[in-house]
Amino acid sequence: MAGEIELSDIRTLTHVLGHDAQGLFGRAPIGKIAAPRSFNIVAALGDSTVQQMHLDSTVRNRATYNHFFIGNALSGNRIARAYNFGVSGERTDQTLARLPAALATDAGVLYISEGVNSIAQAPYTHAVSGLTVSAATVGASAFADTQTKVDAALALGLRVIVVLCHGATNCTAAQIKQLVIYNAALRRLAELRQNVWLLDAPAILHDPATSPTSLVFRTGYMRLGEATIVHEATTGAYFVGKAFARILSEVMRLLPRNSVDGSNQRVNGQQLMNNPFFNATTGNAGTLGAGGSLAAGTSAVPREWLFNRASGDTTTTFTVGVEPNADGNGNDVVITYNVTTAGGGVRVAQDLAGTSPNGDYWVPDTVLQGFSKISVAAGSTGIASVQTSLDMNGTLNGNNTTLTTHALLGDLASGLLPSTEGYAFEHATEQIQVPAYSARAYLSFRALNLLCGAPGTGTVRLNMPQLNVISTLVA
24 MAGEIELSDI RTLTHVLGHD AQGLFGRAPI GKIAAPRSFN IVAALGDSTV QQMHLDSTVR
84 NRATYNHFFI GNALSGNRIA RAYNFGVSGE RTDQTLARLP AALATDAGVL YISEGVNSIA
144 QAPYTHAVSG LTVSAATVGA SAFADTQTKV DAALALGLRV IVVLCHGATN CTAAQIKQLV
204 IYNAALRRLA ELRQNVWLLD APAILHDPAT SPTSLVFRTG YMRLGEATIV HEATTGAYFV
264 GKAFARILSE VMRLLPRNSV DGSNQRVNGQ QLMNNPFFNA TTGNAGTLGA GGSLAAGTSA
324 VPREWLFNRA SGDTTTTFTV GVEPNADGNG NDVVITYNVT TAGGGVRVAQ DLAGTSPNGD
384 YWVPDTVLQG FSKISVAAGS TGIASVQTSL DMNGTLNGNN TTLTTHALLG DLASGLLPST
444 EGYAFEHATE QIQVPAYSAR AYLSFRALNL LCGAPGTGTV RLNMPQLNVI STLVA
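The number in the working numbering is simply the position in the sequence shown, starting from 1, with 23 added.
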């Protein structure tokens with residue numbers, strides 16, 4: 024029985040997935056088709072709105088001007104892994120080609136964001152059926168492609184998140200009509216299917232001035248400087264990310280993250296930061312770099328940690344305070360910053376040398392991931408990104424090689440995080456495996472990496488940073 028999936032959809036799925044209809048939806052038990060899945064693992068499928076959730080082809084650097092990982096950080100970091108199957112410029116019929124790979128992962132959630140390229144490129148020849156998709160029918164055709172993906176995922180027991188298409192500034196009146204048709208069908212689909220969630224990005228990104236004949240985006244919500252205004256800026260990504268975080272809280276459970284306490288520190292090899300609670304009374308003295316000073320009531324910066332301006336920054340001033348955490352999780356480091364130039368900022372870091380004894384904690388093949396909680400007070404201005412990052416360097420195949428992963432990397436051209444409200448990010452970098460370095464130089468964990476895209480002032484709190492060795496005992 025195919026349930027609610029129409030026979031025409033099954034024929035399409037047969038072609039795309041390489042299974043006969045009965046084998047996929049009939050007698051074969053689902054457990055024999057699908058690998059073990061976690062609802063905290065996501066396969067993301069779509070166009071550039073998916074591809075750009077990472078800033079690099081190695082998918083190690085998460086973008087702050089895309090709602091996906093902002094929403095994850097705001098949700099309490101519920102996503103354990105995200106597979107990126109986005110390709111810039113592709114239509115809904117073309118993204119079908121990567122559906123089998125997305126469904127072959129261990130993801131329990133399929134995330135879909137697409138549609139704008141189909142509407143923009145019509146008329147075109149459908150990549151699967153070979154039929155011509157006209158400009159007058161592209162909304163319905165694009166929806167059929169997306170529905171095929173949704174129903175294939177549901178049949179395998181996945182949950183599905185679909186982003187409503189927000190279009191682009193150059194959409195004509197005829198294209199806007201197709202956009203409305205596409206989104207209306209998705210809304211109806213979510214009403215008729217279990218385990219489908221919709222992220223209504225247009226409701227957040229569109230200005231109320233949007234009309235049936237022109238699309239207008241809210242000021243500052245979209246990236247400028249591109250040929251077509253279609254991608255979120257940091258401001259827009261933040262507010263869409265807030266809505267995405269609410270969806271993630273329904274789709275996924277909170278994860279039991281590794282704890283940092285007196286036992287789980289570097290000496291035991293599973294969490295490599297010393298003094299993660301900022302309360303140690305022994306160990307190496309912390310370092311306060313140029314531009315830094317101590318807040319009233321704070322006698323010294325926390326042991327083991329380095330407090331500095333951003334690289335190349337010669338004018339930023341900042342204060343460092345240490346206060347008890349409101350939830351009892353040790354102490355917070357409280358940074359008040361005064362950045363006078365775009366590109367300025369503050370870093371809080373801890374380094375491990377590649378030589379023994381510290382090098383013994385990050386030998387080749389070790390998998391590492393950085394975490395921290397960063398809270399930004401309302402009224403804090405100028406912030407392009409505030410995140411956690413990890414760098415490692417050594418000699419690989421005779422070459423000096425650095426690998427980097429960022430939890431939410433921004434730049435100076437993609438907008439700012441809002442100053443109108445406070446927010447708390449539960450940050451995670453991507454997992455990164457130490458390569459077969461013949462010599463290891465350093466491992467640098469930046470628990471706080473504050474970058475300002477404009478002059479600004481404000482207050483940031485850092486709590487419980489940790490650099491975890493990912494267990495390999497679980498297959």
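The beta-carbon is built from N, C-alpha and C at its ideal position, and this holds for glycine as well.
Element boundaries [alpha helix (DSSP H), containing residue i]
| i | result |
| --- | --- |
| residue 273 | 257-274 |
| residue 142 | 139-144 |
| residue 440 | Neither: residue 440 is in no alpha helix (DSSP H) and is coded neither H nor E. |
| residue 94 | 90-97 |
| residue 168 | 161-178 |
| residue 224 | 224-228 |
| residue 202 | 196-215 |
| residue 73 | 71-74 |
| residue 117 | 115-118 |
Nearest-angstrom beta carbon gap, residue j and residue i [assumed within contact, 8 Å]
| i | j | result |
| --- | --- | --- |
| residue 392 | residue 491 | 5 Å |
| residue 485 | residue 397 | 6 Å |
| residue 141 | residue 111 | That pair is no contact at about 14 Å. |
| residue 236 | residue 196 | 4 Å |
| residue 191 | residue 253 | 4 Å |
| residue 69 | residue 109 | 5 Å |
| residue 312 | residue 280 | Incorrect: roughly 30 Å between the Cβ atoms, too far for contact. |
| residue 414 | residue 424 | That belief does not hold up - the Cβ atoms of residue 414 and residue 424 are roughly 11 Å apart, past 8 Å. |
Interface flag, residue i vs chain C, CB-CB below 8 Å
| i | result |
| --- | --- |
| residue 220 | Absent from the structure is chain C; it holds one protein chain and no more. |
N- and C-terminal bounds of the beta strand (DSSP E) containing residue i
| i | result |
| --- | --- |
| residue 429 | 422-432 |
| residue 398 | 390-399 |
| residue 123 | Residue 123 -> not in any beta strand (DSSP E); alpha helix (DSSP H) instead, spanning 122-126. |
| residue 183 | 182-186 |
| residue 293 | Looking at the DSSP string, residue 293 is not in any beta strand (DSSP E), and its letter there is neither H nor E. |
| residue 462 | 462-475 |
| residue 374 | 368-376 |
Sequence-distant residues of the same chain with beta carbon closer than 6 Å to residue i, five excluded per side
| i | result |
| --- | --- |
| residue 369 | 341, 358, 360 and 473 |
| residue 461 | 418 |
| residue 318 | 342 and 344 |
| residue 365 | 435, 476 and 477 |
| residue 189 | 224, 225 and 228 |
| residue 193 | 251 |
| residue 82 | 107 |
| residue 17 | The chain is shown from 24 up to 498; residue 17 falls before or after that span and cannot be answered. |
Under 8 Å between C-beta atoms of residue i and residue j
| i | j | result |
| --- | --- | --- |
| residue 299 | residue 59 | no |
| residue 106 | residue 438 | no |
| residue 363 | residue 338 | yes |
| residue 248 | residue 436 | yes |
| residue 117 | residue 150 | yes |
| residue 371 | residue 470 | yes |
| residue 465 | residue 402 | no |
| residue 157 | residue 145 | yes |
| residue 431 | residue 467 | no |
| residue 336 | residue 367 | yes |
Contact set for residue i: own chain, Cβ-Cβ below 7 Å, skip 5 residues either direction
| i | result |
| --- | --- |
| residue 307 | 326 and 327 |
| residue 90 | 255, 260, 263, 264 and 267 |
| residue 221 | 185, 187, 209, 210 and 213 |
| residue 321 | 343, 344 and 345 |
| residue 429 | 84, 85, 410, 412 and 452 |
| residue 148 | 155 |
Separation of residue j from residue i, as counted between CA atoms
| i | j | result |
| --- | --- | --- |
| residue 448 | residue 159 | 43 Å |
| residue 294 | residue 287 | 6 Å |
| residue 180 | residue 416 | 42 Å |
| residue 421 | residue 383 | 21 Å |
| residue 278 | residue 351 | 19 Å |
| residue 16 | residue 154 | Residue 16 is absent from the model: the chain starts at 24 and stops at 498. |
| residue 443 | residue 258 | 11 Å |
| residue 131 | residue 182 | 6 Å |
| residue 84 | residue 282 | 24 Å |
| residue 355 | residue 410 | 16 Å |
| residue 177 | residue 119 | 15 Å |
| residue 504 | residue 129 | Lying before the first or after the last residue shown, residue 504 is absent from the chain, which here runs from 24 to 498. |
| residue 162 | residue 171 | 14 Å |
| residue 121 | residue 387 | 32 Å |
| residue 374 | residue 329 | 9 Å |
| residue 481 | residue 75 | 29 Å |
| residue 463 | residue 400 | 38 Å |
| residue 349 | residue 323 | 21 Å |
| residue 389 | residue 290 | 16 Å |
| residue 139 | residue 245 | 15 Å |
| residue 549 | residue 380 | Because residue 549 is not part of the residues shown, which for the chain are 24 to 498, the question remains open. |
Contact set for residue i: own chain, Cβ-Cβ below 8 Å, skip 5 residues either direction
| i | result |
| --- | --- |
| residue 303 | 297, 325, 326 and 327 |
| residue 94 | 263, 264, 265, 266, 267, 268, 270 and 271 |
| residue 103 | 61, 63, 64 and 278 |
| residue 230 | 239, 240, 241 and 242 |
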